[in-house]
Structures are given as C-alpha cells and as structure tokens.
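Residue numbers (our numbering): 1381 to 1768.
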Ligand SMILES: Nc1ncnc2c1ncn2[C@@H]1O[C@H](COP(=O)(O)OP(=O)(O)O)[C@@H](O)[C@H]1O
Ligand SMILES: [Mg+2]
C-alpha cells in the first residue's frame, strides 16, 4: 500500500484534484457564471451607484431552485464589499412571523454605520436607539412598522456616513408580503431621498408577483430578472473558462455538446459535470469524449440520488398523482389536461398543486401550465416508477 501523504504520486487524474475549481452545491459561487451577463451587469450598476453614493435601482432575481440565485447574491456581495460597501444579508423565513430575526440581523450588521455619524443625526433615527455603547430597537407599534422604520434608519445612516449599503434578501417568497411590503416601501422612500441604499432580492419564479399585479408604486423601481436554464453558449462558458484559466486546458466541442445535452443547462448539473471532468481528466491539456463518458457515469449516480431525494419530498396522495401525470405528459403540461388524467377537479387539486410549487418541485412557466423545475426529473420518474 502507498501512503499518499508520504508519496509524491499525483494520483490517477491528469489534473490536481485539490485545484478543482468547480463548485457543485447550494449557494456556492461557481468559478464562472455562464450565461448571466445581463444579471451581472445590472448588479454591477447597483454596486457602482452605491460606491458613488447615489440611490440605485432595485433588482429581484427570479428562478427555480438550482439556477444560481444564491450564488449570484453571494458573488455580488463580495464585489460590493471589496469596494467598501457595507453588505447585509437576510434569508427570508416563513417562521419568522414577527420579523424578529430579520430585524436583529439588520440592526447588528448595520450598527457599524453609527460610528461615522454625529450624535445629532443618531437622535433623529426612528427605530434605532443608541443606548450607551449598544443599540436597540424602538418598537413602532407592530413588527412591520418597526422593520420599515429600521430600513429607513439604515438608509439615512448610509447617506450620512457616506457609505453605501447593499441589502441582499434570499428566498423572498418564503416570507412574502409580510417582509416585502415594509422593505420595499422604506427602500422606495429612501430612493426618493437619493440615499445610497441598494436592494438585491431573489426568489422563486412567482415571487412578489402579486405586488406587481397590484401595481404598488413601490414596485416601480424594482426590476425583475428571470433566470432560466443555460443555453449552449452559457454552458460552454461555465465549463471552458475554468479549465482554460486554471489548467490551461481546452475542452472539446463534442464534450460540450454531450454535457449540455445531459445537463439540460441546469447550472447545478453543469457544476457536477465540470467537477467530474476535472477529476477524471487523462490529458492535462485536452478534455475529450472518453473523459466525458467516464464523467457521465459519475454524474449519473449523483443525479439519480438527487432525483430520488426529490421524489421523497413529494407529498403522498394527489400531489404524487399530479407529479406522475406530469411526468407522463412530458414534464410541462396544461393543468386542465393533468386534471383530466387524474380525474380530480381544479378545486380539489389546488392544495396539491400549491404544495408542489411551494416545495420548488414544480413551477408555472405560463398561466394554466405546470412544469418540473429540474430537467430530467420526469424522465427519471418514468424510468424508475417510484410510485409503484
Ligand atoms: N451561471 C452559472 N453557471 C454555472 N454554474 C452556476 C451558475 N449559477 C450557479 N451555478 C451553480 O449552480 C449551483 C446552484 O446554485 P444556487 O445559487 O444554489 O442556486 P439557487 O439559489 O437558484 O437554488 C451551484 O453549484 C452554483 O455554483
Ligand atoms: Mg438558493
């Protein structure tokens, strides 16, 4: 037996495993964002405006699970922090009914802004109370009102301390209006006062849709950017660039074709593929089809486990019937056709449909339709018939 610690043997692959740049996993920043130029460009403008001390536009990234929302938020926060902007991150939580966690996080992370302002300004704050060396929150009557005042205070402090603030909020659909209304109202007012307070939000495809439908004025400054699956060029960039930059290796066109086909351009799968190609590379300068074949087998195992775990999250009963019918219909179908198949009325199926959307297993690509949110899930169900 060889002890790898005592031996310089680099191992079976042609590329150093520890240098593998790919990052499959929830919220991990990929080595390169394929196909996200518009989303990154908008975020860059926000960061630049905050650096210049002006009020930016607000942005909401929307998409199904695994398209890269959390990773984008994390990346933009990094970029902002590198430029001296104060960043605060919240994850909306449906159990935080009183917005207590959100308030405490914001208060804790934003209180450094008080260092840069004089006592007179501090006394004008409506929610933040300076008490000796510490800070605490003044109750404004109800949780939403207190939260709204707190946001207004943070934006005011950003302006008075000449330091831009970027607040990112992930999974906004979880808390819905409870969080979004006071947040957007306060942010909208801060923008009217030209305060350097930025908002970058993310959520499932229908996040905040009701607020836009209602035509609330505070949604005027909130731009929606929908993130979908990567196209071939996006997949190619996400895989080729890291190989070129980190290893000086080139990836064959046929490999990109195979990988794009198998992954459906689903960003998390693309990372799995990139990781496997790196680990299994046989030639340090060129990644060819034989490597793709071996990588495909490895990715396949991971993806099967992933689908099995997804299936376990499907509630039994009508939700499971709906999922199987959707698989049989090709993974994207009219709700009316699915209801015909399972012989259930719209009303009776409504809670099941809702649960599939809330769990992120399905989404609504168009009014009246239902689709799986991950490519390949329907085909997996038909192949393995986990319902039987
Ligand atoms: N544009 C992209 N190109 C390639 N991989 C990406 C891209 N965006 C995200 N990823 C990868 O996809 C996976 C899922 O990202 P994540 O941010 O958790 O998605 P979401 O928050 O939308 O569920 C991570 O492994 C991440 O590195
Ligand atoms: Mg996420």
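Using N, Cα and C, we set each Cβ at its ideal position, and we do this for glycine too.
Do residue i and residue j have their CB atoms nearer than 9 Å?
i: residue 1605; j: residue 1440; result: yes
i: residue 1518; j: residue 1528; result: no
i: residue 1654; j: residue 1622; result: yes
i: residue 1549; j: residue 1472; result: yes
i: residue 1569; j: residue 1526; result: no
i: residue 1515; j: residue 1509; result: yes
i: residue 1619; j: residue 1634; result: no
i: residue 1659; j: residue 1393; result: yes
i: residue 1464; j: residue 1543; result: yes
i: residue 1750; j: residue 1713; result: yes
i: residue 1449; j: residue 1614; result: no
i: residue 1617; j: residue 1415; result: yes
i: residue 1418; j: residue 1429; result: no
i: residue 1722; j: residue 1707; result: no
i: residue 1672; j: residue 1395; result: no
i: residue 1536; j: residue 1504; result: yes
i: residue 1434; j: residue 1576; result: yes
i: residue 1644; j: residue 1756; result: yes
Along the chain, where does the alpha helix (DSSP H) that runs through residue i open and close?
i: residue 1459; result: 1449–1462
i: residue 1671; result: 1669–1693
i: residue 1513; result: Looking at the DSSP string, residue 1513 is not in any alpha helix (DSSP H), and its letter there is neither H nor E.
i: residue 1400; result: Unbroken run through residue 1400: none, as it is neither H nor E.
i: residue 1623; result: That residue, residue 1623, is in no alpha helix (DSSP H); it is neither H nor E in DSSP.
i: residue 1735; result: 1726–1738
i: residue 1445; result: Where residue 1445 is concerned, there is no enclosing alpha helix (DSSP H), given that its DSSP letter is neither H nor E.
i: residue 1701; result: 1698–1708
i: residue 1480; result: 1480–1490
i: residue 1657; result: 1647–1660
i: residue 1411; result: It is not in any alpha helix (DSSP H) - residue 1411 carries neither H nor E in the DSSP assignment.
i: residue 1383; result: Per DSSP, residue 1383 belongs to no alpha helix (DSSP H) and is neither H nor E.
i: residue 1557; result: 1557–1572
i: residue 1501; result: 1499–1504
i: residue 1586; result: Neither: residue 1586 is in no alpha helix (DSSP H) and is coded neither H nor E.
i: residue 1421; result: 1417–1431
Could you check where the beta strand (DSSP E) with residue i kicks off and where it finishes?
i: residue 1535; result: Counting along the chain, residue 1535 falls outside any beta strand (DSSP E), though it belongs to the alpha helix (DSSP H) covering 1523–1540.
i: residue 1603; result: 1602–1606
i: residue 1751; result: 1749–1752
i: residue 1825; result: The structure shown does not extend to residue 1825, since the chain spans only 1381 to 1768, so no value can be given for it.
i: residue 1577; result: 1577–1583
i: residue 1714; result: 1712–1714
DSSP puts residue i in a beta bridge; with which residues?
i: residue 1764; result: Partner(s): none; residue 1764 has no beta bridge.
i: residue 1743; result: 1751
i: residue 1471; result: 1550
i: residue 1630; result: 1666
i: residue 1509; result: 1516
i: residue 1466; result: 1545
So which of the options has the shortest CA-CA distance to residue i?
i: residue 1692; options: 1616, 1765, 1608, 1502; result: 1765
i: residue 1611; options: 1657, 1447, 1537, 1538; result: 1447
i: residue 1412; options: 1746, 1670, 1648; result: 1648
i: residue 1545; options: 1462, 1677, 1406; result: 1462
i: residue 1400; options: 1728, 1589, 1628, 1513; result: 1628
i: residue 1438; options: 1564, 1728, 1596, 1551; result: 1564
i: residue 1735; options: 1696, 1746, 1676, 1716; result: 1696
i: residue 1650; options: 1716, 1454, 1676; result: 1676
i: residue 1700; options: 1643, 1732, 1488, 1591; result: 1732
i: residue 1625; options: 1664, 1551, 1557, 1730; result: 1664
i: residue 1444; options: 1743, 1512, 1571; result: 1743
i: residue 1562; options: 1752, 1404, 1532; result: 1532
i: residue 1763; options: 1507, 1688, 1753; result: 1688
i: residue 1466; options: 1494, 1478, 1479; result: 1494
i: residue 1431; options: 1389, 1513, 1539, 1511; result: 1539
i: residue 1580; options: 1383, 1398, 1387, 1426; result: 1426
Measure the beta-carbon distance from residue i to residue j and round it to whole angstroms, keeping in mind my assumption that it falls under 8 Å.
i: residue 1694; j: residue 1703; result: 5 Å
i: residue 1524; j: residue 1553; result: With a Cβ gap of about 17 Å, residue 1524 and residue 1553 do not count as contacting.
i: residue 1758; j: residue 1710; result: 7 Å
i: residue 1442; j: residue 1585; result: 5 Å
i: residue 1451; j: residue 1407; result: 6 Å
i: residue 1555; j: residue 1476; result: 7 Å
i: residue 1454; j: residue 1468; result: Incorrect: roughly 13 Å between the Cβ atoms, too far for contact.
i: residue 1578; j: residue 1602; result: Not really, about 12 Å apart at Cβ, beyond 8 Å.
i: residue 1698; j: residue 1724; result: 6 Å
Return yes when at least one heavy atom of ligand 3 lies under 8 Å from the C-beta of residue i, else no.
i: residue 1529; result: Summarising the ligand content, the structure contains ligand 1 and ligand 2 and does not contain ligand 3.
From the beta carbon of residue i, is the nearest beta carbon of chain C less than 9 Å away?
i: residue 1615; result: Although the question refers to chain C, the structure presented lacks it and comprises just one protein chain.
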